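**Student:**
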Amino acid sequence: MKLLKKLLKWSKITVITLLLVLAFAYLVIHILSQQRIQKKYSYTDVAINIPSDSLSIAKGKHLYKIRSCQDCHGEKGEGRLFMDNKMLMQLTAPNLTKGNGGIVDFKTADWLRVLRHGVDKNGRSLYMMPSHEVTNLTNEDLANLIAYCNQLEPVATSQEKLHSIGPIGRLLMVMNQVTVLPAEKIDHSATHTEKLEEKTGVAYGQYLSSGCQGCHRPDMKGGGPLAPGYPPVPDITGDGNVGNWNEQAFIATIRNGKTPEGKELNNNYMPWKSIGHFTDEELKSIFMYLQQLSDKH
Ligand code: HEC
Ligand code: HEC
1 MKLLKKLLKW SKITVITLLL VLAFAYLVIH ILSQQRIQKK YSYTDVAINI
51 PSDSLSIAKG KHLYKIRSCQ DCHGEKGEGR LFMDNKMLMQ LTAPNLTKGN
101 GGIVDFKTAD WLRVLRHGVD KNGRSLYMMP SHEVTNLTNE DLANLIAYCN
151 QLEPVATSQE KLHSIGPIGR LLMVMNQVTV LPAEKIDHSA THTEKLEEKT
201 GVAYGQYLSS GCQGCHRPDM KGGGPLAPGY PPVPDITGDG NVGNWNEQAF
251 IATIRNGKTP EGKELNNNYM PWKSIGHFTD EELKSIFMYL QQLSDKH
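Take a look at the structure:
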């Protein structure tokens, strides 16, 4: 009896200690993430002119696709629930049209704030909006993209605008596993190229492939799964399978979601359907860029 009592006492102490440790860990995570969430960014921007001719708008439409805007904001810019998980985050990718529930009164300065700097009206970082992958667009491309967004057919939506991060989301943020706060990854005083003259080749491939980095990592060497239950992300440089492919095989892989080795790519993990919006010419440049990223040289 005495022993049982003693055991009970000790297990109670263990449980209480554990709870205290967890509460303390949570407090630390909360404080660390809150500091980063609250950080205000300031910048000065050079104004850019937004065109309104149909050729520029058509180029903007292509950019909207290849820069993955539609994956989160929808094909018509109508927006959608990005994630609804209390532990991770509850977040809406907003309606980008001028319809009800959309962004009305968005000026060029607002587009620059979001796309170049990844911050909200108060200067704090947005959540999950990949501005760090868009910020380096040339002024020409950015202006065309904005021109396209500005003339999106108004769509009325009644979705709630969710914007909160849960404890697991904060943990991932503190562990730097996911880019939750794009503004942290941006050089806010960077100057930007007016336009690229050379629209083919290695440098252009690098420019086009900034959207691959979030998953394949900045060096394109891949790494562990992006979330529990996801497949590992392969090395797509010349040192990986891609190094054994030719241009046609690379293009076919992106278009059909199947690699020369016979592997079916799951669109939920590797978004080959939206990447398929790149033209053949653009994919050739990306292939050239990836091929020469090799330790063998
Ligand atoms: C991975 C998903 C994702 C992609 C890709 C994406 N966005 Fe977003 N975007 C979001 C989310 C989520 C928010 C809301 C962020 C928040 O509430 O902090 C957002 C916010 C915005 C806003 C701010 C709207 C407002 O109400 O202030 C604009 C504008 C925007 N995105 C435009 C774009 C454009 C243009 C592209 C393509 C270059 C793009 N987004 C690509 C997820 C995405
Ligand atoms: C949302 C994350 C994500 C993005 C963005 C992404 N990929 Fe992938 N990619 C993956 C994952 C995960 C796999 C592995 C899929 C599997 O194992 O089924 C993969 C596989 C591949 C493969 C097959 C490699 C092999 O050895 O079999 C190629 C090629 C590829 N990606 C190219 C690209 C290119 C080029 C881009 C940018 C234009 C890109 N990916 C963007 C996640 C992504």
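Numbering of the sequence shown is given in the UniProt record's numbering, commencing with residue 1 and proceeding in unit increments.
Cβ atoms here follow ideal geometry from the backbone N, Cα and C, with glycine treated the same way.
No experiment lies behind these values; they were computed from the predicted model shown.
Taking 9 angstroms as the cut-off, decide whether the C-beta atoms of K127 and G60 are in contact.
**Tutor:** In the sequence shown, residue 127 corresponds to position 127, counting from 1. In the sequence shown, residue 60 corresponds to position 60, counting from 1. Strictly speaking, residue 127 in this sequence is Tyr, with Lys absent from that position. Contact flag unset, no.
**Student:** Evaluate G262 with the Cβ neighbour count: other Cβ atoms within 10 Å of its Cβ, from every protein chain shown; 16 or more gives buried, anything less gives exposed.
**Tutor:** The residue you call residue 262 lines up with position 262 of the sequence shown. G262 is exposed by the Cβ-count criterion.
**Student:** Given that a residue counts as buried once 16 or more other Cβ atoms are within 10 Å of its Cβ, and exposed if not, what is W10?
**Tutor:** In the sequence shown, residue 10 corresponds to position 10, counting from 1. Looking at its Cβ environment, which holds fewer than 16 other Cβ atoms inside 10 Å, W10 is exposed.
**Student:** Which of helix, strand or coil does DSSP assign to S210?
**Tutor:** Counting from one through the sequence shown, the residue named residue 210 turns up at place 210. S210: helix per DSSP, three-state reduction.
**Student:** Give the list of continuous beta strand (DSSP E) stretches no shorter than 3 residues that lie fully inside the segment 161 to 205.
**Tutor:** Qualifying beta strand (DSSP E) stretches, in chain order: 163 to 165.
**Student:** Report yes if the C-beta of I165 is less than 8 angstroms from at least one heavy atom of ligand 2; otherwise report no.
**Tutor:** Position 165 of the sequence shown, counted from the start, is the residue given in the question as residue 165. No - ligand 2 has no heavy atom lying nearer than 8 angstroms to the Cβ of I165.
**Student:** Tell me the rounded alpha-carbon separation between residue 363 and L293.
**Tutor:** Outside the displayed span of the chain (1 to 297) sits residue 363, for which this structure offers no information.
**Student:** Are the beta-carbon atoms belonging to H192 and L142 less than 9 angstroms from one another?
**Tutor:** On the sequence shown, residue 192 is found 192 positions in, with the first residue counted as 1. On the sequence shown, residue 142 is found 142 positions in, with the first residue counted as 1. In contact: H192 and L142 (Cβ atoms closer than 9 angstroms).
**Student:** Anyone know if the C-beta pair for V180 and Y289 falls short of 9 angstroms?
**Tutor:** For this step, residue 180 is matched to residue 180 along the sequence shown. For this step, residue 289 is matched to residue 289 along the sequence shown. Cβ atoms of V180 and Y289: not closer than 9 angstroms.
**Student:** Is any non-hydrogen atom of ligand 1 found closer than 8 angstroms to the C-beta of C72, if you look at the structure I gave you?
**Tutor:** In the sequence shown, the residue the question calls residue 72 occupies position 72. Correct: C72 has its Cβ closer than 8 angstroms to ligand 1.
**Student:** Buried or exposed: where does L55 fall if 16 or more other Cβ atoms within 10 Å of its Cβ makes it buried?
**Tutor:** Counted from its first residue, the sequence shown places residue 55 at position 55. Exposed: under 16 other Cβ atoms inside 10 Å.
**Student:** How would you label M270, buried or exposed, when you count the other beta carbons within 10 angstroms and need 16 or more for buried?
**Tutor:** The sequence position of residue 270 within the sequence shown is 270, counting from 1. With 16 or more other Cβ atoms within 10 Å, it is buried.
**Student:** Kindly give me the distance between the Cβ atoms of G214 and P130, rounded to whole angstroms, as I take these residues to be in contact under 8 angstroms.
**Tutor:** The residue labelled residue 214 in the question sits at position 214 within the sequence shown. The residue labelled residue 130 in the question sits at position 130 within the sequence shown. Yes, they are in contact, since the Cβ atoms of G214 and P130 sit about 6 angstroms apart, within 8 angstroms.
**Student:** Counting pairs of Cβ atoms below 8 angstroms between the segment 93 to 110 and the segment 155 to 168, do you hit three or more?
**Tutor:** Because the criterion of three Cβ pairs below 8 angstroms is met, the segment 93 to 110 and the segment 155 to 168 touch.
**Student:** By the three-class DSSP mapping on this structure, what secondary structure does R67 have?
**Tutor:** Taking the sequence shown and counting its residues from 1, the one referred to as residue 67 is at position 67. Here R67 sits in coil by DSSP.
**Student:** At which residues does the beta strand (DSSP E) containing R36 begin and terminate?
**Tutor:** Counting from 1 along the sequence shown, the entry for residue 36 is found at position 36. R36 -> not in any beta strand (DSSP E); alpha helix (DSSP H) instead, spanning K2 to Q38.
**Student:** Skipping 5 residues on each side, what residues in its chain have a beta carbon closer than 6 angstroms to that of L171?
**Tutor:** Mapped onto the sequence shown, residue 171 falls at position 171. Closer than 6 angstroms at the Cβ level, and outside the excluded window around L171, lie I29.
**Student:** Rounding to the nearest angstrom, what Cα-Cα distance links N266 and I254 in this structure?
**Tutor:** Residue 266 sits at position 266 when you count from the first residue of the sequence shown. Residue 254 sits at position 254 when you count from the first residue of the sequence shown. So the alpha carbons of these two residues sit roughly 12 angstroms apart.
**Student:** So which residues touch the region around ligand 3, with touch meaning a C-beta under 6 angstroms from any heavy atom?
**Tutor:** Ligands displayed in this structure: ligand 1 and ligand 2; ligand 3 is not among them.
**Student:** When the cut-off is 9 angstroms and only beta carbons count, does D105 lie next to chain D?
**Tutor:** Checking the listed chains, one finds no chain D in this structure; it contains a single protein chain.
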